[in-house]
Amino acid sequence: MKTFIASLILLCAVATFIAFNTAYIVRISDEMLEIAESLPESKAAFEADIPSAMEKTQRLWDLWDKTIDKFAFTIGYGHIDRADDAAAELYFAAKNGDGDSFITAAAKFRDCLTRMKKLESFDFGSIM
Amino acid sequence: MAAIFIRTLIIYVILIAMMRFTGKRQIGQLQVSELITAFLISEIASNPITDNNIPLLHAIVPITVILCLEVIASFLSTKSAVIKKFLEGKPSVVVRNGVPVQKEMAKMRMSVEDLLCQLRLKDTPSPSVVDYAIFEPNGQISVFPLENAPSVTGIAHPVIVDGHIINYVLSEIGKDEKWLFKTLEKKKICNIKTVFLMTVDDGDAVTVYKKEAK
Chain A
420 MKTFIASLIL
430 LCAVATFIAF
440 NTAYIVRISD
450 EMLEIAESLP
460 ESKAAFEADI
470 PSAMEKTQRL
480 WDLWDKTIDK
490 FAFTIGYGHI
500 DRADDAAAEL
510 YFAAKNGDGD
520 SFITAAAKFR
530 DCLTRMKKLE
540 SFDFGSIM
Chain B
6 MAAIFIRTLI
16 IYVILIAMMR
26 FTGKRQIGQL
36 QVSELITAFL
46 ISEIASNPIT
56 DNNIPLLHAI
66 VPITVILCLE
76 VIASFLSTKS
86 AVIKKFLEGK
96 PSVVVRNGVP
106 VQKEMAKMRM
116 SVEDLLCQLR
126 LKDTPSPSVV
136 DYAIFEPNGQ
146 ISVFPLENAP
156 SVTGIAHPVI
166 VDGHIINYVL
176 SEIGKDEKWL
186 FKTLEKKKIC
196 NIKTVFLMTV
206 DDGDAVTVYK
216 KEAK
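Next comes the structure, spelled out in structure tokens:
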């Protein structure tokens, strides 16, 4: 009976951890996606307001850098590495004023975030 | 390499702790659900040890969940006969009063050779000396000998199994098909297809089990 109750408690603890972890990843991913989606979507738009793009990229980079270790607890390292590469490309493209690389890296980073969010959420597609 | 070393230690400690927590038996005594759990756990645990790209939690969470479910299922099976039957199956009587129970053997997909082998492992020379042979849910067989069992010299050699003559056994015991058919004739059996099992012991005593009507 004691082991049974302990198992139930342990199972509930694991389920709670998973629920909180999912909520955390979805919240942070949404936050980053919101910033990523506000980034310029064309080279012309990027070049028209480089300081604003740089400021958003800096916020995105800081947030990513702050949360990458927590993401790595549960998300496969392959996905993390891909997103980290995209984030670094985005950051340096903004810093160097390279519009083409910036647009490509922004699209790649958005795609990585969407995939990670989908993988961690209670979504039929990700479960199957 | 240091990371793999640490990961292996962590997985090992967690596995030992979880297995102790479930308080389960040795491999030979595993029930079906426990066997599945053991297979799953060994597979899940090995992945993050050898692959540095997999987070440790990808092993720790499923191992914890599987073992908790196993404990919960075991507990529920002690409370409900239906769950117990579903998880563990039920014992099957494969020999009763010296006669193989063919229907039960078919249900268990147990061949005559399997039965004879299991009986020999229990130092039982022939089904004819068995009161009850019970195939337990953990894969072992329990054998209870007949009180007034007929004497068997040596062991019973199967010469006909499921309507087929086992020629190598016949030659091993120094007999031939002519002797076999003569013996069957004496037993008033004209079609060997109707014989489920015919055994001959080392003292030439013959036992015939006919096929049960379907």
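Chains A and B supply the protein sequences, listed in that same order.
Note that the numbering used here has the first sequence beginning at 420, numbered continuously upward.
Note that the numbering used here has the second sequence beginning at 6, numbered continuously upward.
For every residue, glycine included, the Cβ atom is placed at its ideal position computed from N, Cα and C.
Everything numeric in this text was worked out from a predicted model, so none of it was measured.
Residue i at chain A interface by Cβ criterion, 9 Å
{"i": "residue 26(B)", "result": "yes"}
Candidates the options: closest to residue i by CA position
{"i": "residue 297(B)", "options": "188(B), 59(B), 163(B) and 58(B)", "result": "The structure shown does not extend to residue 297(B), since chain B spans only 6 to 219, so no value can be given for it."}
{"i": "residue 76(B)", "options": "42(B), 95(B) and 140(B)", "result": "42(B)"}
{"i": "residue 23(B)", "options": "37(B), 92(B), 182(B) and 50(B)", "result": "50(B)"}
{"i": "residue 523(A)", "options": "458(A), 468(A), 481(A) and 488(A)", "result": "458(A)"}
{"i": "residue 52(B)", "options": "17(B), 85(B), 78(B) and 152(B)", "result": "17(B)"}
{"i": "residue 178(B)", "options": "198(B), 210(B) and 103(B)", "result": "210(B)"}
{"i": "residue 64(B)", "options": "184(B), 20(B) and 122(B)", "result": "20(B)"}
{"i": "residue 154(B)", "options": "169(B), 160(B), 165(B) and 134(B)", "result": "134(B)"}
{"i": "residue 166(B)", "options": "218(B), 72(B), 159(B) and 197(B)", "result": "197(B)"}
{"i": "residue 100(B)", "options": "137(B), 12(B), 172(B) and 206(B)", "result": "137(B)"}
{"i": "residue 152(B)", "options": "158(B), 146(B) and 103(B)", "result": "103(B)"}
{"i": "residue 446(A)", "options": "483(A), 471(A) and 464(A)", "result": "483(A)"}
{"i": "residue 531(A)", "options": "515(A), 481(A), 495(A) and 514(A)", "result": "495(A)"}
{"i": "residue 470(A)", "options": "506(A), 490(A), 518(A) and 429(A)", "result": "518(A)"}
{"i": "residue 68(B)", "options": "433(A), 535(A) and 536(A)", "result": "433(A)"}
{"i": "residue 142(B)", "options": "26(B), 15(B), 38(B) and 106(B)", "result": "38(B)"}
{"i": "residue 147(B)", "options": "47(B), 15(B), 96(B) and 80(B)", "result": "96(B)"}
{"i": "residue 451(A)", "options": "485(A), 467(A), 422(A) and 479(A)", "result": "479(A)"}
{"i": "residue 122(B)", "options": "161(B), 54(B), 112(B) and 215(B)", "result": "161(B)"}
Interface flag, residue i vs chain B, CB-CB below 9 Å
{"i": "residue 445(A)", "result": "no"}
{"i": "residue 520(A)", "result": "no"}
{"i": "residue 516(A)", "result": "no"}
{"i": "residue 523(A)", "result": "no"}
{"i": "residue 430(A)", "result": "yes"}
{"i": "residue 427(A)", "result": "yes"}
{"i": "residue 408(A)", "result": "No information on residue 408(A) is available, as it lies outside the stretch 420 to 547 that chain A covers here."}
{"i": "residue 533(A)", "result": "no"}
{"i": "residue 435(A)", "result": "no"}
{"i": "residue 451(A)", "result": "no"}
{"i": "residue 476(A)", "result": "no"}
{"i": "residue 486(A)", "result": "no"}
{"i": "residue 528(A)", "result": "no"}
{"i": "residue 541(A)", "result": "no"}
{"i": "residue 423(A)", "result": "yes"}
{"i": "residue 473(A)", "result": "no"}
{"i": "residue 454(A)", "result": "no"}
{"i": "residue 494(A)", "result": "yes"}
Partner residues on chain D for residue i, Cβ-Cβ distance less than 7 Å
{"i": "residue 491(A)", "result": "Checking the listed chains, one finds no chain D in this structure; the protein chains it contains are A and B."}
Residue(s) in a DSSP beta bridge with residue i
{"i": "residue 202(B)", "result": "166(B) and 214(B)"}
{"i": "residue 174(B)", "result": "DSSP, once it has assigned bridges, lists no residue as partnering residue 174(B)."}
{"i": "residue 139(B)", "result": "98(B) and 147(B)"}
{"i": "residue 105(B)", "result": "100(B)"}
Contact test: residue i Cβ vs the ligand COA heavy atom, cutoff 8 Å
{"i": "residue 529(A)", "result": "With respect to small molecules bound, the structure shown includes none, and the ligand COA cannot be examined in it."}
What residues from the segment 54-82 of chain B come within 7 Å of chain A, judged by C-beta to C-beta, listed N to C?
-> 58, 59, 60, 62, 66, 69, 70, 73, 76, 77 and 80
Counting only runs that start and end within the segment 35-92 of chain B, where is the alpha helix (DSSP H) found for 4 or more residues in a row?
-> 37-55 and 62-84
Identify each residue in the segment 499-511 of chain A for which the Cβ-Cβ distance to at least one residue of chain B is less than 7 Å, and report them in chain order.
-> none
What runs of the alpha helix (DSSP H), each 4 residues or longer, lie entirely inside the segment 426-499 of chain A?
-> 462-467 and 469-493
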